[in-house]
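Visitor: Residues in the sequence shown are numbered from -6 upward in steps of one, following this note's numbering. The beta carbon of each residue, even a glycine, is placed where N, CA and C say it ideally should be. Treat the numbers as computed from the prediction; the structure is a model and nothing was measured. Quick one: structure below, then a few questions.
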Amino acid sequence: MKSVRLWGINVASCDGLPSVVVFGKNKKDVDQLNSKLSGVIWDETLAGKFIYASTTKFADLKMVSGATMKPGILVIEPGVYGMSGRMIKMIGASVSRQDLKRDLVVAADTFTRRSKSHGLHVRNGRRGGKTWKTEVPVPNRVRSRRRKR
């Protein structure tokens, strides 16, 4: 699974979806939770409803308000600009597949998607001092005269 910052928060925000992040104290914990999760997420009622990520590092969850060091499955509402998130549900590591599916269906059904207008979103972000650092460096580009105004 992909990184929490990039996939779990940013891509979820861009797509207007909640994020599901598996957190375990070690790789074995994460693998067990991912196995449990994969048993339910491809169900017709859940496919395409979340963006997924996993981690063994609590520091990866520092941008998620409400996150704790307890291993489990976190359902997160990403912030508007994909730079933070808020935990909306913590599902314990010992959850049964049946209860996991029920909890995820409830989370998906109660989540309200935010629609975004790209231009307005970027403009408001710039006005609010929000900046995004890309994973891949952007080469220096020559801006058109029109754009420099």
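Distance, Cα to Cα, Arg79 vs Cys7?
Guide: Those two C-alpha atoms are separated by around 15 Å.
Visitor: Could you name the residues of the same chain whose beta carbon sits closer than 7 Å to that of Pro64, not counting the 5 residues immediately before and after it, in chain order?
Guide: Excluding positions up to five away in sequence, the list reads Phe16, Gly17, Lys18, Asp22, Ala86.
Visitor: Quick one: residues in its chain with C-beta nearer than 7 Å to the C-beta of Asn3, no 5 flanking neighbours on either side, listed in chain order?
Guide: Cβ neighbours of Asn3 beyond the five flanking positions: Gly75.
Visitor: Just to confirm my understanding: we take Tyr45, look at its own chain, exclude 5 residues before and 5 after, and list those with CB closer than 8 Å. What are they?
Guide: Taken in chain order, the residues that qualify are Met(-6), Lys(-5), Trp0, Gly1, Ser12, Val13, Val14, Val15, Leu30, Ile34.
Visitor: Touch check for the region 37 to 44 and the region 90 to 108: three-plus C-beta pairs under 8 Å?
Guide: Result yes; three or more Cβ-Cβ pairs closer than 8 Å.
Visitor: Quick one: Cα of Lys130 to Cα of Ser77, how far?
Guide: The amino acid occupying residue 130 in the given sequence is Pro; Lys does not appear at that position. Cα to Cα, the separation comes out at about 22 Å.
Visitor: Suppose only complete runs of 3+ residues qualify. What are the beta strand (DSSP E) ranges in the region 28 to 96, listed by chain order?
Guide: 44 to 48, 65 to 71, 78 to 85, all fully within the region 28 to 96.
Visitor: Look at the alpha carbon of Arg116 and the alpha carbon of Thr124, and state the distance between them as a whole number of angstroms.
Guide: In a straight line, the C-alpha of Arg116 is about 11 Å away from that of Thr124.
Visitor: Could you check if Asn133 is buried or exposed, using at least 16 other CB atoms within 10 Å of its CB as the buried criterion?
Guide: The residue is exposed, with fewer than 16 neighbouring Cβ atoms inside 10 Å.
Visitor: Can you look up Met110 in the DSSP assignment and give me helix, strand or coil?
Guide: Reading the sequence as shown, one finds Ser at residue 110 and not Met. DSSP places Ser110 in coil when its eight states are reduced to three.
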